[in-house]
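S.K.: Below is a structure I'd like to ask you about.
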Amino acid sequence: MKTRFSIVSFLFLISNFFATAKSTTTPAYAVELIPDSLLQNANTVIRSFHHQYEVKNIGEATERVKAVITILNDKSSYNDLQIYYDQFTKIGKIKAQLFDAKGKHIRDLHKSEIKDFAAFDGFSIYNDNRLKNIDFTYGTYPYTIAYEYDVSHKGLQSYASWYPQQYKTSVEKSIFELRMPNGMDFRSQSENMAITAEVTTEAAMDMYKWELQNLKVVGREPNTPDSYRPLPVLLTLPNDFKVDGYVGNMETWESFGRFMYKLNENRDKLSPQMFQKVQSLTANAKNNAEKIAILYQYLQENMRYVSVQLGIGGWQTFDANYVEQNKYGDCKALTNFMKGMLKAVGIKAYASLVVAGDQRLDIKEDFTTPYFNHVILNVPDENIWLECTSTNNPVNYLGANTEDRPTLLITEKGGVLTKTPKIDQNQQIGKTTISLTNEGAAIINSHIQLTGKLHDWHRYIVHNYSPDKQQKWFVRSQNFPTFQTKKLDLSVSKMAPEATCNYTIEVNRYASKAGKRLFVPLNLVNKFGRSLPKDANRTQPIAFELGYEDTDEIIFTIPASYKVESLPKNVETLKSPYGQYEVSIEEKEGQVIYRRKLLLYPVNIPASEYNDLRTFYRKIAKMDSAKLVLVRRSA
């Protein structure tokens, strides 16, 4: 039988031959082998990543990581490797190699290149956490790094998490493998992963394997919600765990809270001397609210925040006597000490775990996690929350760092998942007089009141900045051209989340002079500052967590030799789902009074509304840029 051999078949065989030849002759780590689809918009390509986590028993595990990563440019976040450890963690072997763009081996890592540092987080000053750091920076891009390391764990409050992809990173292959003793339970939760574990059994181990391949780049877009994460993630956690001899269960929030309560039980007992001190301080208090305020003020004035976290100290507090004697403690210890003082006067309070900071983690009711980084205090009968690390917060004011987010109350009955109060009264009220001269200079007197989250930064400045540093901050924060400060007075309330700012300045060129006219900006005092770039391809949701209200009254005193020639036209009220804006302008003899009210709602909207929000903000900015025109009177 004759076989027909077409030109198409011939070309296919030839191309297949060269492709096979290329793959066998080109080094495995050559950049040219990376598919174009994975190079597009990437800073990094993960060629292969294999993370194995093997649980030996309730309190021990080993971890093995092998990775090959191509660094495409200096914007990559993979230029160095950091491996954290403490007294419960031991790092075994570390190996690493460096390859050039063609996949040619350049050199192996030398032991002297492994640096050892103390590791500090945002709430720690003194602890036993350390890290091994390897800097892979190489002068010629692109290049590839291959590394592997082993870690052994004793004390397991959690298992490993798998983050196969970061922003501006593509992935050829990433594998996470969890090995468990036969029949031993664990919990897992994944996001942005449409895969399930491949389960096999070998000897006495159950093996769970997750694998992802060919993940294209995901870019980070600005102003996304704090909790938004479009990237894949897998969390694995034990039900039963053991740390430093302490056994607990975190199958539910209640059971995890019960462990935390037992771990810290009876550590809030005061010394007899301190007990008498508390009784004396509150002897004349009329009610529990006054007692709380008195004791909170005592804490703020006499104790300071220093984090000491050694061993299980990340979870277990130092007792009240430690704080009394040393006059300091970390967030747990200060909270525990305040709890003990309240207990001494018959007021029940609960420590509460929270994730503090800019990122609001999405804590779920049906999936218990131990990933808290801060402790605050709740007085349930008075519905009062106390930030015990602050030396100047008012009573029942947590601040933006911990407001409106999930928190776990540690009660005698176990953990209770609840939420910290939201700060709603975020306001700025300004009253300003601007006296203009014939040449466009101005003397400006302003009185500003701020409440809620809008006052937070002023409170920090008042208590942490010298007068000279306050002055420098004030100059940087203003919209005026060159000016001289004649008076600056910042103050905050001890009893409420309020601040005031009074200032007098001289501005040499407030208005622009052109011939016989002065062009006077109506609002340099509190000009709208939010803006969004043009983006027709927005794919991620957009959020502005802070909602607030601005009210301004600005009175312009006009030089006697000038009169109003024109006021802004089409002054209108803007209303949208994102806020409201209204302006009124009144002309009186020798004066123009400008009144402005801006109400911005918190925003969390899909990408499809991006341009609508951008248009709203642009309209506000345009109206805030309006000018008054003065003309010189005829002689």
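In my numbering, each residue's number is its place in the sequence shown (first place is 1) plus 575. A virtual CB, placed ideally from N, CA and C, is assigned to each residue, including glycine. None of these values were measured; they are calculated from a predicted model.
(1) Just checking, does the stretch 657-669 make contact with the stretch 840-860 on the three C-beta pairs under 8 Å criterion?
(2) Roughly how many angstroms lie between the CA atoms of T857 and I867, to the nearest whole one?
(3) Does DSSP put M913 in a helix, a strand or coil?
(4) Do Y734 and T811 have their CB atoms nearer than 7 Å?
(5) Using a Cβ-Cβ cutoff of less than 6 Å, which residues in the same chain neighbour F592 once the five nearest sequence positions on both sides are dropped?
(6) Return yes when the Cβ of A676 is within less than 7 Å of the Cβ of V606, no when it is not.
(7) Tell me whether the stretch 1032-1044 and the stretch 977-992 touch, counting them as touching only if at least three CB pairs, one residue from each stretch, are closer than 8 Å.
(8) Quick check: the stretch 817-833 against the stretch 936-956, are there 3 or more CB pairs under 8 Å?
(9) Where in the stretch 711-761 do unbroken runs of the beta strand (DSSP E), each at least 3 residues long, occur, reported from the N-terminal end onward?
(10) Would you identify the three-state DSSP class for M576, choosing helix, strand or coil?
(11) In the DSSP output, what is D691 paired with across the bridge?
(12) Do the stretch 1178-1190 and the stretch 1107-1123 make contact, defined as three or more Cβ pairs closer than 8 Å?
(13) Can you tell me which of the three DSSP states P847 falls into?
(14) Go through its chain and collect everything with a Cβ distance to T744's Cβ below 6 Å, but skip five positions before and after it.
(15) Once DSSP output is grouped into helix, strand and coil, what is the label at T600?
(16) Measure how close the beta-carbons of A1074 and L1025 come, nearest whole angstrom, since I'm counting them as under 8 Å.
(17) Where in the stretch 1019-1102 do unbroken runs of the alpha helix (DSSP H), each at least 4 residues long, occur, reported from the N-terminal end onward?
(18) Out of curiosity, what's the CA-to-CA distance linking I589 and S652?
(19) So, helix, strand or coil for Y653, using DSSP?
(20) With DSSP as the reference, identify every bridge partner of G1154, one or two as the case may be.
(21) Which word fits G1154, buried or exposed, when buried means at least 16 other C-beta atoms lie within 10 angstroms of its C-beta?
(22) Using the beta-carbon count (16 or more within 10 Å), is P1214 buried or exposed?
(23) Expressed to the nearest angstrom, what Euclidean distance is found between the alpha-carbon atoms of L885 and Q732?
(24) Bridge partners of K1261, per DSSP?
(25) Can you give the Cα-Cα distance for L1029 and Y1185, rounded to whole angstroms?
(26) Compare the beta carbon distance of I1004 and E978 with 7 Å and say whether it is the shorter of the two.
(27) Rounding to the nearest angstrom, what Cα-Cα distance links V950 and F912 in this structure?
(28) Report the residue from L809, P1056, K1197 and Q1045 whose alpha carbon sits nearest the alpha carbon of D1064.
(29) What separation, rounded to the nearest whole angstrom, lies between the Cα atoms of V1167 and I1130?
(30) Please list the segments of the beta strand (DSSP E) lying wholly inside the stretch 947-994, counting only runs of 3 or more residues, in order along the chain.
(31) In this structure, does DSSP put I869 in helix, strand or coil?
(32) Indicate whether the contact test is met: 3 or more Cβ pairs, each with one atom in the stretch 744-764 and one in the stretch 671-686, closer than 8 Å.
(33) Give me, in chain order, the residues of the same chain whose beta-carbon lies closer than 6 Å to that of E766; leave out the 5 immediate sequence neighbours on both sides.
(34) Pull up the distance between the alpha-carbon of G889 and that of Y880, whole angstroms please.
(35) Any idea what DSSP makes of E777, helix, strand or coil?
(36) Run through DSSP, which three-state label would T834 get?
M.R.: Quick look at the numbers:
(1) Segments in contact, no.
(2) T857 and I867 have their alpha carbons spaced roughly 9 Å apart.
(3) Helix.
(4) In this structure, T811 lies closer than 7 Å to Y734 by Cβ.
(5) Here the model assigns F592 a pLDDT of 40, short of 50, so the residue's position is not dependable and the matter cannot be decided.
(6) A676 sits close to V606, with the two beta carbons spaced by under 7 Å.
(7) Segments in contact, no.
(8) Using a Cβ-Cβ distance cut-off of 8 Å, the stretch 817-833 and the stretch 936-956 are in contact, since at least three pairs of beta carbons, one from each stretch, lie closer than that value.
(9) Counting only runs of at least 3 residues, the stretch 711-761 fully encloses the following beta strand (DSSP E) elements, listed from N- to C-terminal order: 718-729 and 744-756.
(10) Confidence at M576 is low in this model, with a pLDDT of 36, below 50, so its placement is unreliable and no value can be given for it.
(11) Paired residue(s): K707.
(12) Contact holds: three or more Cβ-Cβ distances are below 8 Å.
(13) The three-state reading of DSSP puts P847 in helix, counting H, G and I together.
(14) Correct list, in chain order: T619.
(15) Secondary structure at T600: helix, using DSSP grouped into helix, strand and coil.
(16) Going by Cβ atoms, the distance from A1074 to L1025 rounds to 5 Å, so yes, they are a contact pair.
(17) For the stretch 1019-1102, whole alpha helix (DSSP H) runs of length 4 or above, ordered along the chain, are 1031-1039 and 1042-1052.
(18) Here the model assigns I589 a pLDDT of 40, short of 50, so the residue's position is not dependable, and the following value carries that caveat. Rounded to the nearest angstrom, the two C-alpha atoms are 41 Å apart.
(19) Correct three-state label for Y653: coil.
(20) S1151 and L1175, per the DSSP bridge assignment.
(21) That one is buried.
(22) The requested residue 1214 does not occur in the structure, where the chain is confined to residues 576 to 1210.
(23) For L885, the predicted structure reports a pLDDT of 48, less than 50, and the residue's modelled location is therefore unreliable. A value from the coordinates is still provided. Rounded to whole angstroms, L885 and Q732 show a C-alpha spacing of 15 Å.
(24) Not covered by the structure: residue 1261. The range shown for the chain is 576 to 1210.
(25) The alpha-carbon of L1029 is positioned some 25 Å away from that of Y1185.
(26) No, Cβ-Cβ distance for I1004 and E978 is not below 7 Å.
(27) Between the alpha carbons of V950 and F912 lies a distance of about 12 Å.
(28) When only C-alpha atoms are compared, the closest one is Q1045.
(29) Looking at the two C-alpha atoms, the distance is approximately 6 Å.
(30) DSSP runs (the beta strand (DSSP E)) wholly in the stretch 947-994: 949-954, 959-961, 981-986 and 989-994.
(31) The answer is helix: DSSP assigns I869 an H, G or I state.
(32) Counting Cβ pairs under 8 Å, fewer than three are found: no touch.
(33) Answer for E766: V808, listed in chain order.
(34) Here the alpha carbons of Y880 and G889 stand approximately 15 Å from one another.
(35) E777 falls in the strand class under three-state DSSP.
(36) The residue asked about is misnamed: residue 834 is Phe in this sequence, not Thr. Three-state DSSP puts F834 in a helix.
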